[in-house]
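In the numbering used here, the protein residues as written are 1 to 141.
Here it is, written out as structure tokens:
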């Protein structure tokens, strides 16, 4: 939270603040869960990133709810789990970036992403392609 916004001053005690932050992260977790569902048809790396971010948001939300109920030992453990999940998600993100860089630079190898979508084979006949390329453009009068 940005201190200049004065959001923390709006809450009388830390329990209210923890509950508000927990609701914020819980709402974000629903959006991230939507990303997981939509991303299922892409690849394993992207799904892994979204799953790790979703689990992170749920753990942080639960951690703040528990902190508001003064269950600090479990709250701290959940925040550590959230940190581990976020590190794993960031590693998957860097792997995805490396894949894109290798692919963009034309390397002879590509890092596998574990494609989950339907395989689409596009076939262009050489004769049709040659006819299109060799047809002179005429100016319509």
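Cβ atoms here follow ideal geometry from the backbone N, Cα and C, with glycine treated the same way.
Around the beta-carbon of residue 18, 16 or more other beta-carbon atoms lie within 10 Å, marking it buried. Here residue 74 is exposed: its Cβ has fewer than 16 other Cβ atoms, across all protein chains shown, within 10 Å. Between the alpha carbons of residue 69 and residue 56 lies a distance of about 20 angstroms.
Taking 7 angstroms as the cut-off, the beta carbon of residue 92 is found no closer than this to the beta carbon of residue 58. Comparing C-alpha distances from residue 42 to each of 107, 96 and 109 shows the shortest one belongs to 96. Residue range 14 to 39 is occupied by the alpha helix (DSSP H) that includes residue 19.
Residue pairing for residue 115: DSSP places it in a beta bridge opposite 43. Per the C-alpha coordinates, the member of 15, 5 and 84 positioned closest to residue 71 is 15. Judged by DSSP in its simplified three-state form, residue 83 adopts helix. If you ignore the 5 residues before and after residue 114, its C-beta comes within less than 6 angstroms of the C-beta of 43 and 44, all in its own chain and listed in chain order.
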